[in-house]
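A.B. asks: Residue numbers (my numbering), protein chains in the order written: chain U, 234 to 343; chain E, 19 to 132.
Glycine residues also receive a C-beta, built at the ideal position from the N, C-alpha and C atoms.
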Amino acid sequence: SQQGEEDPQALSIQEGENATMNCSYKTSINNLQWYRQNSGRGLVHLILIRSNEREKHSGRLRVTLDTSKKSSSLLITASRAADTASYFCALELGGNKLVFGAGTILRVKS
Amino acid sequence: NAGVMQNPRHLVRRRGQEARLRCSPMKGHSHVYWYRQLPEEGLKFMVYLQKENIIDESGMPKERFSAEFPKEGPSILRIQQVVRGDSAAYFCASSPPDRVMKLFFGSGTQLSVL
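#1: Does the Cβ-Cβ distance between L279 (chain U) and N264 (chain U) come in under 7 Å?
#2: Quick check on the DSSP output: the beta strand (DSSP E) that includes N264 (chain U) runs from which residue to which?
#3: On the three-state DSSP scale, how would you describe D74 (chain E)?
#4: Could you pull out every unbroken alpha helix (DSSP H) segment of at least 4 residues lying fully inside the segment 48-110 of chain E, listed in chain order?
#5: Let me see if you follow: with CB-CB separation under 7 Å, is E325 (chain U) close to chain E or not?
#6: List the DSSP bridge partners of A311 (chain U).
#7: Which whole-angstrom value is the C-beta distance of Q270 (chain U) and L324 (chain U), which I expect to be below 8 Å?
#8: Looking at the secondary structure, which residues open and close the beta strand (DSSP E) in which K342 (chain U) lies?
#9: Closer than 9 Å, Cβ to Cβ, to anything on chain U: give me those residues from the segment 118-131 of chain E, in chain order.
#10: Could you list which residues in chain U have their beta carbon closer than 8 Å to that of F63 (chain E), in chain order?
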């Protein structure tokens, strides 16, 4: 399968805690991206990490990429209730194709 | 700068009818992607188009489905003779004509087939 697999499928935490989501894949990729989707809405791009990068930060988001293990993680620090959403990793394959995983449902309780 | 616009937001069709979903990409974007999402699942790639060209339609069913992105006007995803299994959310995304593949998504069209 070319798509990434997110883990866990669902995550429930208290406001202020950190949330970590993982993505594993089997194919070769150009880049890896993370997107967020609020219920009933389109996806919003969060962060892109290139295949030659190991870590990237954006605000409260931290993304790592280990190409030898074919895995990536998304860390959201100091979570807020507004972070409640589904989070998807997307694999950028050749030919301008972006393939999405099934997502992690994050619930942040206030 | 308006985002990606999809219409209609909700579409109800009876089995056997045709469904037409429209997508206007962001200004300056020449790449359009269509994805389908079933409840509580990820997005499944359907087709990638540039103006007047289908670049990759490997995710689109061979029958009943077609897509176009004409020189003028929105991209259209057309589903002929819809069946209940076509019920899903259909999302369009666009990206600018450079090497960075960052997608901007519309709010989707929820297709319900009765």
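C.D. replies: Here's the rundown:
#1: Within the first sequence, the letter at position 46 stands for residue 279 (chain U). Within the first sequence, the letter at position 31 stands for residue 264 (chain U). Not closer than 7 Å, so no.
#2: In the first sequence, counting from the first residue as 1, residue 264 (chain U) sits at position 31. Element bounds for N264 (chain U): 264-270.
#3: Stepping through the second sequence from its first residue, residue 74 (chain E) is reached at position 56. D74 (chain E): strand per DSSP, three-state reduction.
#4: none
#5: Position 92 of the first sequence holds residue 325 (chain U). Interface residue, yes.
#6: Position 78 of the first sequence holds residue 311 (chain U). A311 (chain U) is not bridged to any residue.
#7: Looking up residue 270 (chain U) in the first sequence gives position 37. Looking up residue 324 (chain U) in the first sequence gives position 91. Not really, about 17 Å apart at Cβ, beyond 8 Å.
#8: The residue labelled residue 342 (chain U) in the question sits at position 109 within the first sequence. Taken as a continuous stretch (DSSP letters only), the beta strand (DSSP E) holding K342 (chain U) covers 337-342.
#9: V118, M119, K120, L121, F122, F123, G124, S125, G126, Q128
#10: Translated into positions along the second sequence, residue 63 (chain E) becomes position 45. By Cβ distance, chain U contributes K330, L331, V332, F333.
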